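2 protein chains.
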Amino acid sequence: MNISLIGIGNVGKRVLEIIRDAQSGLRERSGESIKVISASDSRHTVYSENGMDVSRVLEAKSRGDIRKSGYRELVFDEIFSLKTEAIVDVASATPDGIAGRDLYLKAFGAGKDIVTANKSPLALHWEQIMDECKQAGRRIRFESTVAGGVPLFNLRDFSIIPSEVLQFRGVVSSSVNIILNDIINGRSFESSVEYAIKQGIAETNYHDDTLGLDAARKTVILANALFGTNLTLNDIQYEGVEGNMDKVSSLKGKGGLYRVVSSIRKEGSRTSVFSGIEEIGEKDPLRALGNESLGYTMRTDMNGEVLVVGLEDTPLETASGVVNDIALLAKTRA
Amino acid sequence: MNISLIGIGNVGKRVLEIIRDAQSGLRERSGESIKVISASDSRHTVYSENGMDVSRVLEAKSRGDIRKSGYRELVFDEIFSLKTEAIVDVASATPDGIAGRDLYLKAFGAGKDIVTANKSPLALHWEQIMDECKQAGRRIRFESTVAGGVPLFNLRDFSIIPSEVLQFRGVVSSSVNIILNDIINGRSFESSVEYAIKQGIAETNYHDDTLGLDAARKTVILANALFGTNLTLNDIQYEGVEGNMDKVSSLKGKGGLYRVVSSIRKEGSRTSVFSGIEEIGEKDPLRALGNESLGYTMRTDMNGEVLVVGLEDTPLETASGVVNDIALLAKTRA
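Following this line, the structure appears as structure tokens:
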């Protein structure tokens, strides 16, 4: 499996490390090695026709310039004409998802599959991306767009094939939930955000998280992928912490457990979709989630109700979801 | 995907029902329809070259004789020369697993893959079955041998491909745990067993469950499939309720939560394997399991620790695991 990697940040670095460290297991379990033909950060693209030694790329990146790997530099757009089977997008995305969308469409046109961890393109341009993917006879996998490395879309596609999904409820965003928890426990909004940024949990531009936008994007992808809708971020109801402080403040001292939950449910021919604050009662399966776990419960017609929790949520698990998607493309090649 | 089904009991009937009711979803998500070319119960085999209408088989079975379906009868051994790609074994097994093993070897020799829900062949003849499968270039899937329909081996094979499994802890057998719970809550062994049989939870010949043998077989399959061992039932330590009443009685009134747990762990180059009673502490992720749920936690090197719980455990979920295995053979055909 020959790939081009775009993005060598927190997740991208770990993608390269996993490809380096798990090479023999990956080959054994997917039937193929993963070769990184090109790698791009926001400034440069380096490449080798026969696959790069990823250690050299990582080492050069740590020295501030991937060209120090000694591999040949390419103009970014040349990646579409390389002999690769997939483009892996773990770059930081623009909120409008347009750059991502255009990248994927161009990749499909060039006969390449996509693996992505970027939410905006799918949350805003789902229908177009999926239509063009299908028409081009290509594939797109996006496990790590939602709930870090918790098996979700891959579990749906490979472990409960006979089932229709009837209901999904999940805690799929860390940051907003950690901040929500802090505020309910007495911190001010400002101080919770500051603390979350210091811990590396929230980004400096934290509004996507605190407004509930990040969770809402994930909810849209969940609805589209699991329930067959064609929604965009503009079609659904959502709430977060920022702009919702009356509700959040009213929860203080009540002693309940509250989370920003993605709730999606079939109601006859309709699909109801909401991303917002819900109480997690004593008997709720989501009670199994610790303060920093992500997870969900999925009710199906043939496989009963399944609860899945990732007890850790770090860039490693997210990166492992990305590498798993690459391996799946190899393992299920038609 | 053309199959021969062996066994039309509790699970087998639901396999046929799922194939009937989920046909379009199965085709959409696996790329192929499942056609039942032959079906065998303990007395007869019926067949149709182009695939049978499973409703007719189910209806005939409910009238006590599958030949009443009107489909042609075959001698059982003729199934190996049918134009099928897989044999699906959901018949009741002999405890020594020999009939199952011989069936699988014969199937591999005839160029057919195996899907099985039967534990004994794998718990007692793992190495031989896997060796001959590999040599014949065939595949065997066995999701429903352990923990009913809870995604487990399929999750391992398709959702955490980059990872090595470092530790597994799971509650994978219902019956022994329901009986254990009853006894700790004050019932006698005899009365618990009687109650479990009446509820359809334990079999009339209940010793496999109460001795912990059923859980031990599953533990062996788990160790072999997830940790690469080649163990048989004779190699591992296990305990149940029967023959272990001193320990069980000592747990009464302590207020703890106790379960028969499959515990497998890498310790350097060794793999430690135990199936027996453990306390599930307040902070234990397995605490999320209700009294009648099955589930497990799996610690990995790249995907963190994942908790998976099937909140229902009925023959429907087990059958769905079997049908999922059939669909996977279609979806991942080389």
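Chains as they are written, first to last, in my numbering: chain C, 1 to 334; chain W, 1001 to 1334.
The C-beta atom is built at its ideal place from N, Cα and C for all residues, glycine as well.
If you're wondering where the values come from, they're calculated on a predicted model, not measured in any experiment.
Residues sharing a beta bridge with residue i, DSSP
i	result
W/N1002	W/K1035
W/G1295	W/V1171, W/V1309
W/Q1128	Answer by DSSP bridge pairing: none, since W/Q1128 is not bridged.
C/L74	C/T45
C/I114	C/I87, C/I140
W/S1040	W/I1006, W/T1045
C/Q237	C/F274
W/V1165	W/T1300
Candidates the options, of which the one nearest residue i by Cα
i	options	result
C/L211	C/I221, C/F108, C/F189, C/T94	C/F189
W/D1102	W/W1126, W/K1083, W/L1082, W/R1141	W/W1126
W/G1042	W/V1036, W/G1025, W/V1075	Here residue 1042 of chain W is Ser; the residue named in the question, Gly, does not match the sequence. Comparing Cα-Cα distances from W/S1042 to each of W/V1036, W/G1025, W/V1075, the minimum goes to W/V1075.
C/D325	C/E73, C/I183, C/F153	C/F153
W/S1048	W/E1143, W/E1073, W/E1194, W/V1306	W/E1073
W/V1273	W/L1222, W/L1328, W/D1246, W/E1143	W/L1222
W/S1024	W/R1333, W/T1332, W/A1327	W/A1327
W/K944	W/V1046, W/Y1206, W/E1085, W/G1310	This structure does not reach residue 944 of chain W, given that chain W is present from 1001 up to 1334, and the question cannot be answered.
C/E32	C/H44, C/G148, C/A39, C/I19	C/I19
W/G1149	C/P315, C/V306, C/G321, C/S320	C/V306
W/F1227	W/I1264, W/V1260, W/Y1195	W/I1264
C/E85	C/P95, C/I37, C/E203, C/A91	C/I37
C/T270	C/L213, C/T297, C/T229	For the record, residue 270 of chain C in the displayed sequence is Arg; it is not Thr. Comparing Cα-Cα distances from C/R270 to each of C/L213, C/T297, C/T229, the minimum goes to C/T229.
C/R27	W/V1176, W/T1297, W/I1161	W/I1161
W/G1097	W/K1218, W/S1120, W/S1159, W/N1185	W/S1120
W/E1278	W/L1251, W/G1268, W/M1298, W/K1266	W/L1251
C/K331	C/S92, C/A39, C/H207, C/F158	C/F158
C/L176	C/R156, C/N205, C/A91, C/S92	The sequence shown places Val at residue 176 of chain C, rather than the Leu named in the question. The residue with the shortest Cα to Cα distance from C/V176 is C/N205.
W/V1309	W/K1134, W/P1151, W/R1029	W/P1151
Sequence-distant residues of its chain with Cβ nearer than 7 Å to residue i (five each side left out)
i	result
W/V1220	A1123, L1231, T1232, L1233, I1236
W/S1163	T1300, D1301, M1302, N1303
C/S144	A117, T318, G321, V322
C/G268	none
Continuous alpha helix (DSSP H) stretch holding residue i: start and end
i	result
W/R1301	One detail in the question is off: residue 1301 of chain W reads as Asp in this sequence, not Arg. Taken as a continuous stretch (DSSP letters only), W/D1301 belongs to no alpha helix (DSSP H), as it is neither H nor E.
W/D1182	1174-1184
W/V1323	1315-1331
C/R29	23-30
W/V1248	1245-1250
C/I98	98-109
C/F158	153-158
C/S55	54-62
C/D208	207-210
Residue i, enclosing beta strand (DSSP E) - first and last residue
i	result
C/Q199	No beta strand (DSSP E) contains C/Q199, which DSSP labels as neither H nor E.
C/K266	258-267
C/R270	270-279
C/T229	Unbroken run through C/T229: none, as it is neither H nor E.
Neighbourhood of residue i by C-beta, 6 Å cutoff - its chain only, sequence neighbours within 5 removed
i	result
W/S1174	D1313
C/V88	I3, L5, V115
C/Q199	none
C/K35	N2, G51
W/A1147	V1172, L1294
C/A225	F153
C/P315	N10, V11, R14
W/G1170	S1262, Y1296
W/V1248	I1183, V1241
W/L1311	S1293
Sequence-distant residues of its chain with Cβ nearer than 8 Å to residue i (five each side left out)
i	result
W/G1111	A1136, R1138
W/L1105	Q1128, I1129, E1132
W/R1187	Y1195
C/R56	S69, G70, Y71
W/K1083	N1002, I1037, E1049
C/L329	M1, E85, A86, D113, V115, R139, R141
C/A22	V323
C/S275	G212, A215, A216, K218, T219, I236, Q237, Y238, E239, V260, V261, S262, S263
C/H44	D65, I66, R67, E73
heavy atom of the ligand ADP below 7 Å from residue i C-beta
i	result
C/V176	Among the components modelled here there is no ligand, and therefore nothing to report on the ligand ADP.
Q: Evaluate the contact criterion for the segment 1090-1109 of chain W versus the segment 1274-1286 of chain W: three or more CB pairs, one atom per stretch, below 8 Å.
A: No, the segment 1090-1109 of chain W is not in contact with the segment 1274-1286 of chain W.
Q.
Under 8 Å, with one C-beta from each stretch per pair, do the segment 1156-1171 of chain W and the segment 1238-1245 of chain W reach the 3-pair mark?
A. They do not touch, by the three-pair rule.
Q: May I ask you to verify whether the segment 1054-1072 of chain W touches the segment 1006-1025 of chain W, counting CB pairs closer than 8 Å and requiring at least 3?
A: Taking 8 Å as the limit for Cβ pairs, the verdict is that the segment 1006-1025 of chain W does touch the segment 1054-1072 of chain W.
Q. Below 8 Å, can you find three or more Cβ-Cβ pairs linking the segment 249-259 of chain C to the segment 291-298 of chain C?
A. No, they do not touch.
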